[in-house]
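**Q** In UniProt numbering, the protein residues as written are 1 to 326.
Ideal Cβ positions, reconstructed from N, Cα and C, are used throughout, including at glycine.
First the structure, then my questions, so here it is.
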């Protein structure tokens with residue numbers, strides 16, 4: 001298999017850097033740079049260890065898209081906190097049910113400058129989340145394998161073997177302890193069928209719900225039961241049909257009753273849970289094969305020196321060039 005394209009769920013990385021790297025790391029003027037330093041070090045490590053053929057940083061243009069809120073108003077509603085910065089900013093929603101902390105926003109701007117100077121393109125789509133950008137790129141990659149880097153298990157729905165492989169580099173426990181998921185891994189971990197592991201995971205997630213995203217799920221159906229139900233059907237529509245068809249013995253009367261009570265939710269859940277495969281992507285920069293030198297080395301050096309990022313930027317540049325870490 002050729003070296004894959006690495007798609008970064010960028011907000012997932014910089015939030016983990018912000019909360020995982022001490023805020024005492026600052027520039028000379030006292031400005032926090034912990035997220036920027038942590039982000040650069042994470043990307044450098046991922047590139048060194050996974051050896052992708054190219055890297056794309058995917059962005060949230062809207063972390064709580066209107067089409068998802070229209071479908072299920074509770075979607076991420078608990079994360080909106082006006083005391084924690086602008087919840088509509090491209091920084092995205094925080095992983096601990098808060099809008100972005102004000103100390104992070106300026107660092108995101110700095111990260112984007114570093115990415116541009118380093119020659120790593122960004123991809124976003126107005127009105128869509130980074131998940132949708134990633135899903136669209138996975139859907140449109142005709143020849144390249146893809147590795148998606150994220151701490152968000154929602155993206156496990158993208159795993160596949162054909163027509164080109166998609167794997168998830170899952171960093172919930174940190175970049176140094178990442179887990180690599182393909183269809184067989186998702187099936188083994190969550191009990192969904194290997195042959196339709198991605199779709200099966202999404203369907204299980206709809207039934208189970210996700211309090212961290214404000215998704216209620218079906219009352220009385222947890223993850224294990226959800227996986228068992230999903231495994232009996234070949235598609236979401238087929239499963240929903242069994243709710244209406246009392247003669248379908250693949251669904252127990254108890255499960256059927258619970259799902260029937262959640263009928264309105266089940267109609268709307270796919271629009272919220274499934275990533276969009278057709279987001280209108282806008283690009284900043286161009287995909288450049290690795291290894292490569294920085295696009296604007298002078299600008300990158302200036303940023304590193306001004307913001308006390310020299311060590312982290314040096315490690316990132318070395319990784320992009322295919323060199324050993326300094």
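1) How many Å lie between residue 319 and residue 309 at the Cα?
2) So for residue 307, helix, strand or coil by DSSP?
3) Once the 5 residues before and after residue 223 are set aside, which same chain residues still bring their CB inside 6 Å of it?
4) Alpha carbon to alpha carbon, what distance is there between residue 303 and residue 188?
5) Taking DSSP's pairing of strands, which residues face residue 136 in a bridge?
6) Kindly confirm or deny that the stretch 271 to 280 and the stretch 113 to 131 touch, where touching means at least three C-beta pairs closer than 8 Å.
7) Spatial neighbours of residue 192 within its chain, please: CB distance less than 7 Å, with the 5 preceding and 5 following residues excluded, ordered by chain position.
8) Can you find the residues in the same chain that come closer than 7 Å, C-beta to C-beta, to residue 132, ignoring five residues on each side of it along the sequence?
9) Compute the Euclidean distance between the alpha carbons of residue 51 and residue 12, then round it to the nearest angstrom.
10) How should residue 136 be labelled, buried or exposed, when 16 other C-beta atoms within 10 angstroms of its C-beta is the threshold for buried?
11) Less than 6 Å between C-beta atoms, sequence neighbours within five positions excluded: which residues of the same chain meet that for residue 86?
12) Tell me residue 283's beta-bridge partners as DSSP assigns them.
13) With respect to the beta strand (DSSP E) encompassing residue 203, which residues constitute its N-terminal and C-terminal limits?
14) Assuming residue 238 is part of the alpha helix (DSSP H), what are its boundary residues?
15) Report the three-state DSSP secondary structure of residue 259 (helix, strand or coil).
16) Following the continuous alpha helix (DSSP H) through residue 160, name the residue where it begins and the one where it ends.
17) Beta-carbon within less than 6 Å of residue 322's beta-carbon, same chain only, minus the 5 sequence neighbours each way: which residues are those?
18) CA-CA distance, residue 165 and residue 30?
19) So, for residue 103: in the same chain, excluding its five sequence neighbours on each side, which residues have a beta-carbon less than 6 Å away from its beta-carbon?
20) Given this structure, state the Cα-to-Cα distance separating residue 118 from residue 59, to the nearest angstrom.
21) Could you spell out the range, first to last residue, of the alpha helix (DSSP H) harbouring residue 190?
22) Would residue 36 pass as a contact of residue 110 if the rule is Cβ separation under 7 Å?
**A** Once the coordinates are examined:
1) Inter-residue distance for residue 319 and residue 309 is about 15 Å (C-alpha atoms, whole angstroms).
2) Note: residue 307 maps to coil in three-state DSSP.
3) So the list reads 208, once near-sequence residues are dropped.
4) Rounded to the nearest angstrom, the two C-alpha atoms are 45 Å apart.
5) Residue pairing for residue 136: DSSP places it in no beta bridge.
6) In short, these stretches touch, since the Cβ pair count reaches three.
7) 186, 200, 201, 204, 227, 230, 231, listed in sequence order.
8) Cβ within range, chain order: 125, 275, 276, 279.
9) Note on geometry: alpha-carbon atoms of residue 51 and residue 12 lie some 20 Å from one another.
10) Burial check for residue 136: the Cβ neighbour count within 10 Å reaches 16 or more, so the residue is buried.
11) In this prediction, residue 86 has a pLDDT of 43, which is less than 50 and means its spatial position is unreliable; nothing more can be read from the coordinates.
12) Paired residue(s): 123.
13) First-last for residue 203: 197 to 208, but that is the alpha helix (DSSP H), not the beta strand (DSSP E).
14) Element bounds for residue 238: 236 to 244.
15) If DSSP states are grouped into helix, strand and coil, residue 259 belongs with the helices.
16) Annotation for residue 160: no alpha helix (DSSP H) segment contains it, and DSSP assigns it neither H nor E.
17) Answer for residue 322: 291, listed in chain order.
18) The alpha-carbon atoms of residue 165 and residue 30 are separated by roughly 45 Å.
19) Hits under 6 Å: 32.
20) Straight-line measurement puts the Cα of residue 59 at about 17 Å from the Cα of residue 118.
21) 183 to 190 is the extent of the alpha helix (DSSP H) around residue 190.
22) In this structure, residue 36 sits near residue 110, with a CB-CB distance shorter than 7 Å.
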